[in-house]
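Undergrad: Numbering (numbering that gives the first Met the number 0), first residue to last: 0 to 149.
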Amino acid sequence: MGEKPVDHVALAVCMIDISSDIRRKSLNETSLRPISNGVLEILRVVESHPGVTVAEVAARLGRQLSNVSAQLRELVAAGLVTRVKDAADKRYVSLHPTDESMRIKSLLEGAWADALTKASERLLPEEREQIAASLPALKRLASFLAEPEQ
(Lines of atoms letter the chains of each structure in order from A and count residues from 1; the text may use other names and numbers.)
(Lines give C-alpha, C1' and ligand atoms only; values in the text may rest on other atoms or scores of the structure.)
Protein backbone atom coordinates (compact mmCIF):
# COMPACT_ATOMS: atom_id res chain seq x y z
CA MET A 1 0.00 0.00 0.00
CA GLY A 2 1.56 3.30 -1.12
CA GLU A 3 1.88 6.59 0.69
CA LYS A 4 -1.29 8.68 0.51
CA PRO A 5 -0.52 11.97 -1.27
CA VAL A 6 -1.03 15.18 0.71
CA ASP A 7 -3.55 17.61 -0.73
CA HIS A 8 -1.29 20.65 -0.29
CA VAL A 9 -3.94 23.10 -1.48
CA ALA A 10 -6.41 21.86 1.13
CA LEU A 11 -3.68 21.85 3.79
CA ALA A 12 -2.62 25.42 2.96
CA VAL A 13 -6.19 26.74 2.91
CA CYS A 14 -6.94 24.99 6.21
CA MET A 15 -3.81 26.41 7.86
CA ILE A 16 -4.60 29.95 6.66
CA ASP A 17 -8.21 29.66 7.85
CA ILE A 18 -7.16 28.28 11.25
CA SER A 19 -4.53 31.01 11.64
CA SER A 20 -6.96 33.80 10.72
CA ASP A 21 -9.71 32.51 12.97
CA ILE A 22 -7.36 31.96 15.91
CA ARG A 23 -5.99 35.50 15.58
CA ARG A 24 -9.47 37.03 15.32
CA LYS A 25 -10.88 35.10 18.30
CA SER A 26 -7.80 35.58 20.47
CA LEU A 27 -7.63 39.37 20.04
CA ASN A 28 -11.07 39.60 21.62
CA GLU A 29 -9.76 37.66 24.64
CA THR A 30 -6.57 39.64 25.25
CA SER A 31 -7.75 43.25 24.87
CA LEU A 32 -4.42 43.95 23.13
CA ARG A 33 -4.44 46.45 20.33
CA PRO A 34 -4.52 44.65 17.00
CA ILE A 35 -1.12 43.88 15.50
CA SER A 36 -0.99 43.59 11.72
CA ASN A 37 0.09 40.27 10.27
CA GLY A 38 3.22 41.83 8.76
CA VAL A 39 4.34 43.39 12.03
CA LEU A 40 3.49 40.23 13.99
CA GLU A 41 5.59 38.13 11.60
CA ILE A 42 8.59 40.43 12.14
CA LEU A 43 8.09 40.37 15.89
CA ARG A 44 7.94 36.56 15.93
CA VAL A 45 11.22 36.34 13.98
CA VAL A 46 12.92 38.70 16.45
CA GLU A 47 11.49 36.76 19.41
CA SER A 48 12.60 33.42 17.94
CA HIS A 49 16.05 34.68 16.88
CA PRO A 50 17.24 37.35 19.35
CA GLY A 51 20.22 39.19 17.88
CA VAL A 52 18.97 38.85 14.30
CA THR A 53 19.71 41.73 11.90
CA VAL A 54 17.22 43.70 9.81
CA ALA A 55 18.62 42.07 6.66
CA GLU A 56 18.20 38.60 8.20
CA VAL A 57 14.59 39.36 9.14
CA ALA A 58 13.90 40.54 5.58
CA ALA A 59 15.53 37.41 4.14
CA ARG A 60 13.59 35.08 6.46
CA LEU A 61 10.31 36.71 5.48
CA GLY A 62 11.16 37.21 1.80
CA ARG A 63 10.46 40.94 2.05
CA GLN A 64 12.09 44.15 0.93
CA LEU A 65 14.62 45.51 3.42
CA SER A 66 13.02 48.99 3.31
CA ASN A 67 9.58 47.63 4.22
CA VAL A 68 10.96 45.60 7.13
CA SER A 69 12.93 48.63 8.35
CA ALA A 70 9.79 50.77 8.38
CA GLN A 71 7.82 48.18 10.33
CA LEU A 72 10.71 47.68 12.74
CA ARG A 73 10.68 51.41 13.49
CA GLU A 74 7.03 50.92 14.51
CA LEU A 75 7.99 48.01 16.81
CA VAL A 76 10.87 50.00 18.36
CA ALA A 77 8.57 53.01 18.94
CA ALA A 78 6.01 50.71 20.59
CA GLY A 79 8.70 49.38 22.94
CA LEU A 80 8.54 45.83 21.58
CA VAL A 81 11.98 45.60 19.94
CA THR A 82 15.33 47.13 20.85
CA ARG A 83 18.19 47.83 18.46
CA VAL A 84 21.68 47.12 19.78
CA LYS A 85 24.74 48.49 17.97
CA ASP A 86 27.80 46.27 17.87
CA ALA A 87 30.65 47.74 19.91
CA ALA A 88 33.24 46.85 17.27
CA ASP A 89 31.22 47.86 14.18
CA LYS A 90 28.62 50.59 14.78
CA ARG A 91 27.01 49.80 11.40
CA TYR A 92 26.01 46.33 12.66
CA VAL A 93 22.72 46.44 14.57
CA SER A 94 21.09 43.43 16.19
CA LEU A 95 17.44 43.24 17.16
CA HIS A 96 16.12 41.96 20.48
CA PRO A 97 12.62 41.49 21.92
CA THR A 98 11.72 43.50 25.02
CA ASP A 99 10.11 42.20 28.19
CA GLU A 100 6.85 43.76 26.98
CA SER A 101 7.16 41.88 23.69
CA MET A 102 7.63 38.62 25.55
CA ARG A 103 4.62 39.42 27.79
CA ILE A 104 2.46 40.01 24.72
CA LYS A 105 3.83 36.84 23.11
CA SER A 106 2.80 34.85 26.16
CA LEU A 107 -0.67 36.45 26.23
CA LEU A 108 -1.22 35.81 22.52
CA GLU A 109 0.02 32.23 22.60
CA GLY A 110 -2.20 31.52 25.60
CA ALA A 111 -5.21 33.02 23.82
CA TRP A 112 -4.38 31.05 20.66
CA ALA A 113 -4.20 27.85 22.69
CA ASP A 114 -7.52 28.66 24.39
CA ALA A 115 -9.22 29.20 21.03
CA LEU A 116 -7.89 25.87 19.76
CA THR A 117 -8.84 24.10 22.98
CA LYS A 118 -12.43 25.31 22.75
CA ALA A 119 -12.72 24.29 19.10
CA SER A 120 -11.00 20.92 19.56
CA GLU A 121 -13.38 19.97 22.36
CA ARG A 122 -15.96 19.53 19.59
CA LEU A 123 -13.77 16.99 17.76
CA LEU A 124 -14.00 13.27 18.24
CA PRO A 125 -11.33 11.81 20.57
CA GLU A 126 -9.64 10.02 17.66
CA GLU A 127 -9.49 13.32 15.73
CA ARG A 128 -7.73 15.00 18.67
CA GLU A 129 -5.31 12.05 18.75
CA GLN A 130 -4.63 12.48 15.01
CA ILE A 131 -3.81 16.15 15.54
CA ALA A 132 -1.54 15.32 18.50
CA ALA A 133 0.25 12.65 16.44
CA SER A 134 0.78 15.11 13.57
CA LEU A 135 2.43 17.83 15.72
CA PRO A 136 6.03 16.63 15.25
CA ALA A 137 5.62 16.59 11.46
CA LEU A 138 3.88 20.00 11.48
CA LYS A 139 6.66 21.50 13.62
CA ARG A 140 9.24 20.14 11.19
CA LEU A 141 7.26 21.48 8.24
CA ALA A 142 7.06 24.88 9.96
CA SER A 143 10.84 24.88 10.47
CA PHE A 144 11.41 24.27 6.74
CA LEU A 145 8.97 27.04 5.82
CA ALA A 146 10.71 29.42 8.28
CA GLU A 147 14.08 29.06 6.55
CA PRO A 148 15.30 32.21 4.79
CA GLU A 149 14.21 32.46 1.19
CA GLN A 150 16.93 32.06 -1.43
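Heads up, the beta-carbon is just placed ideally off N, CA and C, and yes, glycines get one too.
Checking 8 Å against the spacing of the C-beta atoms, do Val92 and Thr52 come in under that value?
TA: yes
Undergrad: Cα separation between Pro4 and Ala86?
TA: 52 Å
Undergrad: Just how far apart, CA to CA, sit Ile41 and Val67?
TA: 8 Å
Undergrad: Okay, do the region 22-33 and the region 99-110 touch, 3+ Cβ pairs below 8 Å being the bar?
TA: yes
Undergrad: Taking DSSP as the reference, what is the three-state secondary structure of Ser30?
TA: Under the three-state reduction of DSSP, Ser30 is assigned to coil, being neither helix nor strand.
Undergrad: Smallest Cα separation from Ser35: which of Arg22, Val44, Val45, Glu46?
TA: Arg22
Undergrad: According to DSSP, is Lys104 part of a helix, a strand, or is it coil?
TA: helix
Undergrad: Per the DSSP calculation, Thr81 is bridged to which residue(s)?
TA: His95
Undergrad: Val51 bridges to which residues according to DSSP?
TA: According to DSSP, Val51 bridges with Leu94.
Undergrad: For Ser100, does the count of other Cβ atoms within 10 angstroms reach 16, so buried, or fall short, so exposed?
TA: buried
Undergrad: Val38: which of Glu46, Glu55, Leu74 sits nearest, CA to CA?
TA: Leu74
Undergrad: Between the beta-carbon of Leu64 and the beta-carbon of Val44, is there less than 8 Å?
TA: Inclusion of Leu64 and Val44 in the CB contact set at 8 Å is not warranted, their separation being larger than that value.
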